[in-house]
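Engineer: Per the UniProt record's numbering, the sequence shown starts with residue 3, numbered consecutively.
Every residue, glycine too, gets a C-beta built ideally from N, C-alpha and C.
Being a predicted model, the structure only gives us computed values, none of them experimental.
Here's a structure for you.
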Amino acid sequence: VTTGSDGITPRDGWSSRTAFILAAVGSAVGLGNLVRFPAEAGANGGGAFVLFYIFCIVLIGLPVLLSETLIGRHGQSSATESVRRMAAESKASRYWEGLAGLGVISAFMILAFYCVIGGWVLYYIGVFVGDLFTSGVTGGALAGMSAEDISAIFPALLENGLLMTVLDLVFVVITVYFVARGVSGGIEIAAVWLMPAFFILLLGITIYGAFGGAFSETLTYLFTVDFTKLTPDVMLAAVGQAFFSLSLGVAGMITYGSYVGRDVNLAGTSAIIAFADTSVALVAGLCIFPIVFAAGLSSEGGLGLMFDTLPHAFQSMPAGSVIGLAFFIMVGFAALTSSVALMEVPTSWAMEKFKTRRMPTAIAIATLAGLLGVASAYSMNALSGFHPLGFIPLFEGLGIMDTLDSVTAKLFMPIGAILTAVFVGWIADKRLINGENGLDGGLHKLWLFLVRWLCPVVLTLIVLFGIFG
Ligand code: PFF
3 VTTGSDGITP
13 RDGWSSRTAF
23 ILAAVGSAVG
33 LGNLVRFPAE
43 AGANGGGAFV
53 LFYIFCIVLI
63 GLPVLLSETL
73 IGRHGQSSAT
83 ESVRRMAAES
93 KASRYWEGLA
103 GLGVISAFMI
113 LAFYCVIGGW
123 VLYYIGVFVG
133 DLFTSGVTGG
143 ALAGMSAEDI
153 SAIFPALLEN
163 GLLMTVLDLV
173 FVVITVYFVA
183 RGVSGGIEIA
193 AVWLMPAFFI
203 LLLGITIYGA
213 FGGAFSETLT
223 YLFTVDFTKL
233 TPDVMLAAVG
243 QAFFSLSLGV
253 AGMITYGSYV
263 GRDVNLAGTS
273 AIIAFADTSV
283 ALVAGLCIFP
293 IVFAAGLSSE
303 GGLGLMFDTL
313 PHAFQSMPAG
323 SVIGLAFFIM
333 VGFAALTSSV
343 ALMEVPTSWA
353 MEKFKTRRMP
363 TAIAIATLAG
373 LLGVASAYSM
383 NALSGFHPLG
393 FIPLFEGLGI
403 MDTLDSVTAK
413 LFMPIGAILT
423 AVFVGWIADK
433 RLINGENGLD
443 GGLHKLWLFL
453 VRWLCPVVLT
463 LIVLFGIFG
């Protein structure tokens, strides 16, 4: 039995394989699936993007996902310690633990701004709860508001640094509530309750939206394959999105993998996680676009798709207030199980590094992430002129929040994933890997090939393109 950070009590872990699957799917399914995937698929040519995305998930994402869970399960410790152990047993340099160290930093940076967006979701939940009282249950949402009024909601929120701060901190507090209670007593509870609720809401809203009449238009939009739209930028956007969506490159799946029992088949389980995550991304498209198209609105627009276009669409939808509320609650559940994963990475690292107990460690991490979140919230208004890495051409003109996003997405996450693939493919002793991954024969060879060659090469291209493209 592995012991926890005090060296005496047994280490906490998932109570079952199902709990692990739900927690890992909870980590993977988040704002990336609901906000970014539909927006990118829409903007980048529909079917060709979707096909290429699936290709990236299977050939690049899944092999790295298996590598991460494998390192964690083998090490049964925090991410850095797990890598260090595997390196030591492979007689490799201990500096390989840096790959997980980089991941811990990325997870912390993402956590900070992810909770700010989580706060926006809370705000919209509030808007739609209030709306139930004004618009009633059967009519459209936001009754009596003009299109301009609705368009003003999101910019007004972004201008209001204080409100965003409060909402960010509320979201951080909800997140730390689960993280502080431990793996089986907190993180797992969140996943086991929220993920099924999430799935029910997603399917319910999708089916309801499909009756709005724009379902076939959506199918054409998302699945008409036009390969001329598959330019290098679009392809790299797809790989990056696949990685973010599977929560890779931030040591998150190393950390979650470290709570998995020896009896679990990692390859099969990783495949289930990737399948669930990808299905949710696709269904999110089938959920959002019929609502948008039925209202005659444009599918354009990044974050605006969720926070601006959809509220307009809910106005012209029967029972729009209820659907709007259900929709943002659903988004909130997905965001929360992801922010919990993001917080667990630095928390488990710090617990082991400083030999501290979970509760105070989680609170300390939450406090720091909250502070950085507040700075991010103000970077959209009072601090918008402050560009922390403005002296580097790559990050010129970016405020605090965009810098956190850009540094992690363009550099830290892909570099973390490259190092993971190289470590597992080339450095780690094959006796540690064989058997541990749950693969044999041809599939094992294929996996090893992907991890050794395809993943590092493609990810290196992403980094280079991110820098020079
Ligand atoms: N996969 C999450 C999403 O798609 O929103 C984001 C994320 C969560 C990334 C947890 C990394 C992580 F460790």
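Nearer than 7 Å: is that true of the beta carbon of ILE464 relative to any heavy atom of ligand 1?
Structural biologist: Residue numbering aside, residue 464 sits at position 462 when the sequence shown is read from its first letter. Not under cutoff, so the answer is no.
Engineer: Alpha helix (DSSP H) containing THR363: first to last residue?
Structural biologist: Position 361 of the sequence shown, counting from 1, holds the residue named residue 363. Its alpha helix (DSSP H) spans residues 360–380.
Engineer: Cβ of PHE246 versus every heavy atom of ligand 2: is any distance shorter than 7 Å?
Structural biologist: With respect to ligand 2, the structure shown offers nothing to examine, as its ligands consist of ligand 1.
Engineer: For PRO390, name the three-state secondary structure that DSSP assigns.
Structural biologist: Counting from 1 along the sequence shown, the entry for residue 390 is found at position 388. Residue state, collapsed to three classes: coil.
Engineer: By how many angstroms is the C-alpha of SER137 removed from the C-alpha of VAL241?
Structural biologist: On the sequence shown, residue 241 is found 239 positions in, with the first residue counted as 1. On the sequence shown, residue 137 is found 135 positions in, with the first residue counted as 1. For VAL241 and SER137, the distance between alpha carbons rounds to 42 Å.
Engineer: Which of helix, strand or coil does DSSP assign to VAL333?
Structural biologist: In the sequence shown, counting from the first residue as 1, residue 333 sits at position 331. Looking at VAL333 - three-state DSSP - the assignment turns out to be helix.
Engineer: Can you tell which of ASP228, GLY259, ALA253 and SER281 has the C-alpha that lies nearest to the C-alpha of LEU72?
Structural biologist: Against the sequence shown, residue 72 aligns to sequence position 70. Among ASP228, GLY259, ALA253 and SER281, the Cα nearest to that of LEU72 belongs to GLY259.
Engineer: As a quick exercise: from LEU104, PHE225 and ALA158, pick the residue whose alpha carbon is nearest that of THR383.
Structural biologist: The count along the sequence shown starts at 1 and reaches residue 383 at position 381. At residue 383 the sequence reads Asn, which differs from the Thr that was named. When each option's Cα is compared against that of ASN383, the closest is ALA158.
Engineer: Please report the straight-line C-alpha distance between ARG75 and VAL333, rounded to a whole angstrom.
Structural biologist: Counting from 1 along the sequence shown, the entry for residue 75 is found at position 73. Counting from 1 along the sequence shown, the entry for residue 333 is found at position 331. Approximately 30 Å between the Cα atoms of the pair.
Engineer: How is the alpha helix (DSSP H) around ARG86 delimited, first residue to last?
Structural biologist: Residue 86 sits at position 84 when you count from the first residue of the sequence shown. From DSSP, the alpha helix (DSSP H) with ARG86 extends over 81–91.
Engineer: Could you name each continuous alpha helix (DSSP H) segment of 4 residues or more that falls completely within the region 208–275, going from the start of the chain to the end?
Structural biologist: 217–225, 234–247 and 254–259
Engineer: Compute the Euclidean distance between the alpha carbons of GLY254 and LEU33, then round it to the nearest angstrom.
Structural biologist: Counted from its first residue, the sequence shown places residue 254 at position 252. Counted from its first residue, the sequence shown places residue 33 at position 31. Rounded to whole angstroms, GLY254 to LEU33 spans 16 Å at the Cα level.
Engineer: Spatial neighbours of MET88 within its chain, please: C-beta separation below 7 Å, excluding the five flanking residues on both sides.
Structural biologist: Here residue 88 is taken as the residue at index 86 of the sequence shown, counted from 1. So the list reads ILE73, HIS76, GLY77, ALA430 and LEU434, once near-sequence residues are dropped.
Engineer: If you run the structure through DSSP and keep just helix, strand and coil, what is GLY141?
Structural biologist: By 1-based counting over the sequence shown, the position of residue 141 is 139. Note: GLY141 maps to coil in three-state DSSP.
Engineer: Measuring CB to CB, does PRO313 end up less than 8 Å from ILE152?
Structural biologist: Along the sequence shown, read from residue 1 onward, the residue named residue 313 stands at position 311. Along the sequence shown, read from residue 1 onward, the residue named residue 152 stands at position 150. The answer is yes: Cβ separation under 8 Å.
Engineer: Taking 7 Å as the cut-off, is the beta-carbon of ILE112 closer than that to any non-hydrogen atom of ligand 1?
Structural biologist: Translated into positions along the sequence shown, residue 112 becomes position 110. Flag set: Cβ of ILE112 near ligand 1.
Engineer: Measuring only the C-alpha atoms, how far is GLY15 from LEU463?
Structural biologist: What you label residue 15 is simply residue 13 of the sequence shown in a count that begins at 1. What you label residue 463 is simply residue 461 of the sequence shown in a count that begins at 1. Taking the straight line from one Cα to the other gives about 37 Å.
Engineer: Is any non-hydrogen atom of ligand 1 found closer than 7 Å to the C-beta of ASN436, if you look at the structure I gave you?
Structural biologist: Taking the first residue of the sequence shown as 1, we reach residue 436 at position 434. ASN436 Cβ: outside cutoff for every heavy atom of ligand 1.
Engineer: Mind pulling the alpha helix (DSSP H) runs of 4 or more residues that sit fully within the region 119–190?
Structural biologist: 149–161 and 163–182
Engineer: Between ALA423 and VAL409, what straight-line distance do the alpha-carbon atoms span, to the nearest angstrom?
Structural biologist: The residue given as residue 423 occupies position 421 in the sequence shown. The residue given as residue 409 occupies position 407 in the sequence shown. Their backbone Cα atoms lie some 20 Å apart in a straight line.
Engineer: Along the alpha helix (DSSP H) that carries SER18, what are the first and last residues, could you check?
Structural biologist: By one-based count along the sequence shown, residue 18 stands at place 16. Counting along the chain, SER18 falls outside any alpha helix (DSSP H), and DSSP gives it neither H nor E.
Engineer: Quick check on this structure: which residue in LEU305, PHE201 and GLY375 has the alpha carbon closest to the alpha carbon of PHE335?
Structural biologist: In the sequence shown, counting from the first residue as 1, residue 335 sits at position 333. With distances taken between Cα atoms, PHE335 lies closest to PHE201.
Engineer: Is GLY32 a contact residue of ligand 1, with contact defined as CB to any heavy atom under 7 Å?
Structural biologist: By 1-based counting over the sequence shown, the position of residue 32 is 30. Flag set: Cβ of GLY32 near ligand 1.
Engineer: Using 8 Å for Cβ pairs, my map puts GLY418 next to SER108. What's the rounded Cβ distance?
Structural biologist: On the sequence shown, residue 418 is found 416 positions in, with the first residue counted as 1. On the sequence shown, residue 108 is found 106 positions in, with the first residue counted as 1. Contact holds; Cβ gap of about 6 Å.
Engineer: Do we get a CB-CB distance below 8 Å when we pair SER153 with the residues of chain D?
Structural biologist: Among the chains in the structure shown there is no chain D, since it carries only a single protein chain.
Engineer: Going by the beta-carbon positions, is the gap between GLY215 and ILE293 smaller than 8 Å?
Structural biologist: The residue you call residue 215 lines up with position 213 of the sequence shown. The residue you call residue 293 lines up with position 291 of the sequence shown. Not closer than 8 Å, so no.
Engineer: Helix, strand or coil for THR4 per DSSP?
Structural biologist: If you number the sequence shown from 1, residue 4 lands on position 2. Here THR4 sits in coil by DSSP.
Engineer: Out of curiosity, what's the CA-to-CA distance linking GLU438 and LEU268?
Structural biologist: Locating residue 438 in the sequence shown gives position 436, where the first residue counts as 1. Locating residue 268 in the sequence shown gives position 266, where the first residue counts as 1. About 8 Å.
Engineer: Expressed to the nearest angstrom, what Euclidean distance is found between the alpha-carbon atoms of THR349 and LEU299?
Structural biologist: Reading the sequence shown from its first residue, position 347 is the one you call residue 349. Reading the sequence shown from its first residue, position 297 is the one you call residue 299. Each residue's Cα considered, the two are about 43 Å apart.
Engineer: Could you pull out every residue in the same chain whose Cβ sits closer than 7 Å to the Cβ of ARG13, ignoring the five residues on either side in sequence?
Structural biologist: Your numbering for residue 13 matches position 11 in the sequence shown. The residues are THR4, THR5, GLY6 and GLN78.
Engineer: Compute the Euclidean distance between the alpha carbons of ALA212 and ALA286, then round it to the nearest angstrom.
Structural biologist: The residue you call residue 212 lines up with position 210 of the sequence shown. The residue you call residue 286 lines up with position 284 of the sequence shown. Those two C-alpha atoms are separated by around 12 Å.
Engineer: By Cβ distance below 6 Å, which residues in the same chain neighbour ALA26 in space, the five residues on each side in sequence not counted?
Structural biologist: The residue given as residue 26 occupies position 24 in the sequence shown. The answer, listed in chain order, is TYR258 and ILE275.
Engineer: For GLY227, collect the residues of the same chain with a Cβ closer than 7 Å to its Cβ; drop the 5 residues on either side in sequence, then sort them by chain order.
Structural biologist: Numbered from its first residue, the sequence shown carries residue 227 at position 225. Note that residue 227 is Val in the sequence shown, not Gly. Once the five neighbours on either side are set aside, the close Cβ partners of VAL227 are GLY49, ALA50 and LEU53.
Engineer: Figure out for me which residue from LEU421, LEU448 and ASP442 has the closest Cα to the Cα of GLY105.
Structural biologist: Within the sequence shown, the letter at position 103 stands for residue 105. Residue LEU421 is the option with its Cα nearest to GLY105.
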